[in-house]
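I have placed the structure first, in the form of structure tokens, so that the comments after it can refer back to it.
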Amino acid sequence: MTISHVGITVSDVQEMTAFYLAVLKPLGYDKRMEPAKDVIGLGPKFCGPPFWIAPGLDASKEAKGEKLHVAFHASNRQQVRDFHAAALKAGATCNGPPGVRKQYFPTYYAAFVLDPEGRNIEAHCMSPAFISEPVQRNILLAAVGAIVAGIAFWAHTNNIF
Numbered sequence: 001m002t003i004s005h006v007g008i009t010v011s012d013v014q015e016m017t018a019f020y021l022a023v024l025k026p027l028g029y030d031k032r033m034e035p036a037k038d039v040i041g042l043g044p045k046f047c048g049p050p051f052w053i054a055p056g057l058d059a060s061k062e063a064k065g066e067k068l069h070v071a072f073h074a075s076n077r078q079q080v081r082d083f084h085a086a087a088l089k090a091g092a093t094c095n096g097p098p099g100v101r102k103q104y105f106p107t108y109y110a111a112f113v114l115d116p117e118g119r120n121i122e123a124h125c126m127s128p129a130f131i132s133e134p135v136q137r138n139i140l141l142a143a144v145g146a147i148v149a150g151i152a153f154w155a156h157t158n159n160i161f
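Structure, rendered in structure tokens:
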């Protein structure tokens with residue numbers, strides 16, 4: 001099973017909502033629901049919001065190292081890089097630049113940032129580079145096309161078809 005949703009409590013709902021909207025925009029997230037004052041649901045189109053922001057205790061009172069870690073799926077490696085750039089632009093601190101994290105899985109491509117209140121936020125993609133990277137995908141398609149063309153040429157010259 002996958003996680004249904006994650007909620008965080010923040011000291012400033014409006015500031016953190018603006019931050020997360022900017023950071024998660026590359027992943028297709030937008031404001032989807034506000035069922036109560038200052039309770040904000042963010043998520044991609046056509047699904048219930050998997051990420052919620054609500055008012056809570058002053059984040060500075062949390063014990064160091066016990067702040068929440070939230071990981072978001074990205075469709076491809078470019079989305080991971082876009083997430084990281086958007087997060088830094090929105091005021092996050094880099095906690096690990098985009099790159100492969102082989103300690104998790106051979107194709108685990110992720111970027112980590114700390115939000116303005118210190119939470120570890122991650123975007124990751126599990127697809128290998130030859131599927132996930134546009135240039136690599138084009139090389140793969142060209143190779144497959146060359147093989148198919150070679151087989152077709154061979155079949156034609158040998159009157160197979």
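Note that the UniProt record's numbering numbers the sequence shown so that position 160 is 160, with each residue one more than the last.
Ideal Cβ placement from N, Cα and C applies to all residues, glycine included.
{"Query": "From glycine 28 to proline 50, what distance separates their C-alpha atoms?", "Result": "12 Å"}
{"Query": "Any idea what DSSP makes of methionine 126, helix, strand or coil?", "Result": "coil"}
{"Query": "Which of the three DSSP states is assigned to phenylalanine 51 in this structure?", "Result": "strand"}
{"Query": "What residue range does the beta strand (DSSP E) around tyrosine 109 cover?", "Result": "109-114"}
{"Query": "Under three-state DSSP, which class holds glutamate 15?", "Result": "helix"}
{"Query": "Name the DSSP bridge partner or partners of leucine 42?", "Result": "Lys31 and Phe51"}
{"Query": "Can you check which of these residues, Val100, Pro116, His5 and Phe72, is closest to threonine 93 by C-alpha distance?", "Result": "Pro116"}
{"Query": "Which residue's Cα is closest to the Cα of valine 6: Lys45, Val23 and Phe72?", "Result": "Phe72"}
{"Query": "Can you find at least 3 beta carbon pairs, one from the segment 98-115 and one from the segment 143-155, that sit closer than 8 Å?", "Result": "no"}
{"Query": "Helix, strand or coil, according to DSSP, for phenylalanine 105 in the structure here?", "Result": "coil"}
{"Query": "Hey, how far is the Cα of histidine 84 from the Cα of glycine 48?", "Result": "24 Å"}
{"Query": "Since I believe glycine 91 is in contact with phenylalanine 19 (beta carbons under 8 Å), could you give me their beta-carbon distance rounded to a whole number of angstroms?", "Result": "6 Å"}
{"Query": "According to DSSP, what are the bridge partners of phenylalanine 72?", "Result": "Ala123"}
{"Query": "In or out: valine 23 buried (at least 16 other Cβ within 10 Å) or exposed?", "Result": "buried"}
{"Query": "Pick out whichever of Ile121, Ala129, Ala155 and Gly41 has its Cα sitting closest to the Cα of glycine 96.", "Result": "Ile121"}
{"Query": "Below 8 Å on the Cβ atoms is my contact criterion, and I expect arginine 32 with leucine 42 to pass it. Report the Cβ-Cβ distance as a whole number of Å.", "Result": "6 Å"}
{"Query": "Pick out whichever of Ala74, Gly99 and Val13 has its Cα sitting closest to the Cα of proline 55.", "Result": "Val13"}
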